[in-house]
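Undergrad:
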Ligand SMILES: Nc1ncnc2c1ncn2[C@@H]1O[C@H](COP(=O)(O)OP(=O)(O)OP(=O)(O)O)[C@@H](O)[C@H]1O
Ligand SMILES: [Mg+2]
C-alpha cells in the first residue's frame, strides 16, 4: 500500500525524478522525466549518469562525491545537454539516500526553468517599457512649456494684426500648437494615480462597447462572451475604460471591412503576475479576426511611439500597459493573420 502511494506520487509529479543505484546507473525515471528526455523509461533504465547528461562533468563529479560524504546539494540555472544533444536549463537537486536496505543511492530532481524565465522576462520587459516611457515623458514635458509660449504669442499677434487676411497664418500656428499639445498630453501618459473603487468589469466593457459601436460601421460585430459570476474588482473605472478602449480601437482598425471582435471575461486560478502569485485573477480577452500584427512589430508594440499605421501615434498600447500595470495587472498578446488576442489579467 505504502509503496503504491509513493509510486503514484512520483508518477504524477510534473518535475523530473531520477533514481540511480550505487554504480550510478539509472534505476527509475518518472513519466515527467521520460517526457523531458523524449525516451521511454525502458530504454533509459540501466544507462549510466555520464550517458544521460553530457558535458556536465563537474556536476557529475560532485554528484559522485555526494554519495561518499552523504550531503546533497542544489544547483540553480544549470545548463545540461541531453543524449539527443538538446540543451535545457534546469534547477537540479541531488539527494543521497543512505538506507543500507536498498540498492539505490542517489535521487536527482530536475525542475525545468521555462516558467521562471517567463516570469523574469515579464519583469524585464516591464522595466524596459518603464524606461522608454520615462524618456518620453521627459521629452513631452520639455516640449510643453515652449509650446504654451508659442501659442500665447500667436494669440497676441492675432489681436494686433491690421490685415484680417493674415489671421489665417496665426490660425494655423494656434491650430497646430493645439494638435501638438494633444499629442504631448498623450505622450505623458496617465498622470494621476488610480482612484480605486469597487467596480464591475462588465460595466467597463459595456461602456467601451457602446463607444466603439458608435464609431465604427455596422460591418464590425462586437460579440459579448461574459462570465456573469465574476466578482467586482477594485479598480479605477475611467482608467480601465481608457485601457480597454485603446485595445478595442486597435482591433477595429485592424479589421479591413467586415469582422468580429470578441470581448471575453473569465477567471483564472493560480496565476503569477510579475513577482506575485495570485489565487484568482480576472482574465479579459479581446479577440479580433483582422489582419494580425506584422511579425516585425509584435515584439515592440507595447513600446511608446511604435506604430504600424500611417496615422498612428503608437501610444495606445503603451498607455494601456501603464494603466493595467498601475492596477497590478498584465497584458499579453498573441497574433497571427485572422486572429489577434490581447489578454488582460487583473488580480481579483
Ligand atoms: N488588434 C490588432 N491587430 C493588428 N495590429 C494591431 C492590433 N493592435 C495593435 N496593432 C499594431 O500595433 C501598433 C501599435 O498600437 P498602438 O495602439 O500602441 O498605436 P497606434 O494604434 O498605432 O496609435 P494610437 O493608438 O496612439 O493612435 C498598431 O499601429 C498596429 O500596427
Ligand atoms: Mg492604437
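Numbering (this note's numbering), first residue to last: 3 to 350.
Ideal Cβ placement from N, Cα and C applies to all residues, glycine included.
Quantities reported herein were computed from a predicted structural model and do not represent experimental measurements.
(1) Here's the rule: buried if 16 or more other CB atoms are within 10 angstroms of the residue's CB, otherwise exposed. What is residue 285?
(2) Between residue 28 and residue 22, which are expected to be in contact by the criterion C-beta below 8 Å, what is the C-beta distance as a whole number of angstroms?
(3) Please classify residue 300: does DSSP put it in a helix, a strand, or coil?
(4) Indicate whether the contact test is met: 3 or more Cβ pairs, each with one atom in the stretch 323-342 and one in the stretch 273-285, closer than 8 Å.
(5) CB of residue 318 to nearest heavy atom of ligand 1: below 6 Å?
(6) To test your reading of the DSSP string, which unbroken alpha helix (DSSP H) runs of 4 or more residues are found completely within the stretch 279-330?
(7) Using the DSSP secondary-structure output, state which residues sit across from residue 96 in a beta bridge.
(8) Alpha carbons only, please: which of 112, 186, 158, 165 is nearest the one belonging to residue 147?
(9) Got a sec: does ligand 1 put a non-hydrogen atom nearer than 6 Å to the Cβ of residue 252?
(10) Just curious, the beta strand (DSSP E) that residue 261 is in, first and last residue?
(11) Could you tell me the distance, in whole angstroms, from the CA atom of residue 112 to the CA atom of residue 54?
(12) List the whole-angstrom C-beta distance separating residue 207 from residue 246, where the pair is believed to meet the contact cut-off of C-beta under 8 Å.
(13) Please state the DSSP three-state secondary structure of residue 69.
(14) Any heavy atom of ligand 1 closer than 6 Å to the Cβ of residue 245?
(15) Is there contact between the stretch 133-142 and the stretch 298-317, where contact requires at least three CB pairs shorter than 8 Å?
(16) Contact between the stretch 226-235 and the stretch 200-214 is defined here as three or more beta-carbon pairs at a separation below 8 Å; is this criterion met?
(17) Three or more C-beta pairs closer than 8 Å, one from the stretch 38-47 and one from the stretch 59-67: is that the case here?
(18) Could you tell me how far apart the beta carbons of residue 290 and residue 261 are, in whole angstroms, since I believe they sit closer than 8 Å?
(19) Would residue 189 be called buried (16 or more neighbouring beta carbons within 10 Å of its own) or exposed?
(20) Report the three-state DSSP secondary structure of residue 132 (helix, strand or coil).
(21) Give the DSSP-derived three-state secondary structure of residue 171 in the structure shown.
(22) Based on DSSP bridge pairs, tell me the residues matched to residue 228.
(23) Going along the chain, which residues of its own chain have a beta-carbon closer than 8 Å to the beta-carbon of residue 172, five neighbours each way excluded?
(24) Considering only heavy atoms of ligand 1, does any lie closer than 6 Å to the CB of residue 211?
(25) Hey, how far is the Cα of residue 25 from the Cα of residue 340?
(26) Expressed to the nearest angstrom, what Euclidean distance is found between the alpha-carbon atoms of residue 149 and residue 179?
(27) Does the distance from the C-beta atom of residue 20 to that of residue 11 stay below 7 Å?
(28) Cβ of residue 134 versus every heavy atom of ligand 1: is any distance shorter than 6 Å?
(29) Check for me: the alpha helix (DSSP H) holding residue 208 runs from which residue to which?
(30) Residue 23 lies in the beta strand (DSSP E); which residues open and close that run?
TA: So, from the listed chains and residues:
(1) buried
(2) Right, the Cβ-Cβ distance comes to about 6 Å (below 8 Å), so this counts as a contact.
(3) Correct three-state label for residue 300: coil.
(4) yes
(5) yes
(6) 318-328
(7) 75, 110
(8) Among 112, 186, 158, 165, the Cα nearest to that of residue 147 is on 186.
(9) yes
(10) 261-275
(11) Rounded to the nearest angstrom, the gap between the Cα atoms of residue 112 and residue 54 is 13 Å.
(12) 6 Å
(13) Looking at residue 69 - three-state DSSP - the assignment turns out to be helix.
(14) no
(15) Counting C-beta pairs with one atom in each stretch, the stretch 133-142 and the stretch 298-317 have three or more that are closer than 8 Å, which means they touch.
(16) yes
(17) Note that the stretch 38-47 does not touch the stretch 59-67; fewer than 3 beta-carbon pairs, one per stretch, sit closer than 8 Å.
(18) 6 Å
(19) buried
(20) helix
(21) helix
(22) Per DSSP, residue 228 has no beta bridge partner at all.
(23) In the same chain as residue 172, and ignoring 5 residues on each side of it, the C-beta atoms closer than 8 Å to its own belong to 156, 157, 159, 160, 163, in chain order.
(24) no
(25) 56 Å
(26) For residue 149 and residue 179, the distance between alpha carbons rounds to 7 Å.
(27) In this structure, residue 11 does not lie closer than 7 Å to residue 20 by Cβ.
(28) no
(29) 203-217
(30) Run containing residue 23: 18-23, per the beta strand (DSSP E) assignment.
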